[in-house]
Amino acid sequence: MSAGLQITGWPAHDSAISSVLFGSDETSIFTLGVDGKIFEWSLQNQGKVLWSSDCSRFCNLRSLSHYKHEMALDAYGRRLLVTSNSLRAPIYQVRGHAYGMRTLPHSASITTVDWHPTSPIFLTGSADHSVRVTSMA
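First residue of the sequence shown? That's 1 in UniProt numbering, and the numbers climb one at a time after it.
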């Protein structure tokens, strides 16, 4: 017996999908493929890409066997934080042109991320067994 009723769905990537999340205004969703491609999709216009980026230089998912990459969207839906194979995680400006922000370094790969629900503060967890709480202010 299946739970729930599918509302919509569409082919989203040329590779397996590693992570999904709702946009902050709940009219879009984000997907992260194992090829490192990130897409923001409209929920009102099925299959329409609103924004995209490529994080493959930070998260080569095909080379990992035990970590799954994640992403987190800030409270305003403007910044997307993605886990990383490197010591720093990329922070993307959604639908913007700013690029190049990265988190402070850990001493191993960043394996989990999250944003505070109302403040410009984010969390990073690492394979070095540490967690960091960082303010963007």
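All C-beta atoms, glycine included, are put in the ideal place defined by N, C-alpha and C.
Query raised in the report: Ala16 to Gly47, Cα distance in whole Å?
Result: 17 Å
Report task. Just mark Glu26 as buried or exposed, buried being the case when its beta carbon has 16 or more other beta carbons within 10 Å. Result -> exposed
Report task. Taking 7 Å as the cut-off, decide whether the C-beta atoms of Phe30 and Leu21 are in contact. Result -> yes
Report task. Rounded to whole angstroms, what's the CA-CA distance from residue 142 to Leu81? Just pull it up for me. Result -> No information on residue 142 is available, as it lies outside the stretch 1 to 137 that the chain covers here.
Report task. Determine the contact status of Gly96 and Thr112, defining contact as a CB-CB distance below 7 Å. Result -> no
Query raised in the report: What does Asp114 pair with, by DSSP beta-bridge criteria?
Result: Leu123
Report task. Would you mind sorting Val34 into buried or exposed? The rule is 16 or more other CB atoms within 10 Å of its CB. Result -> buried
Report task. Return the Cβ separation of Glu40 and Ser28 in integer angstroms, given the expectation that the two are a contact with Cβ distance under 8 Å. Result -> 5 Å
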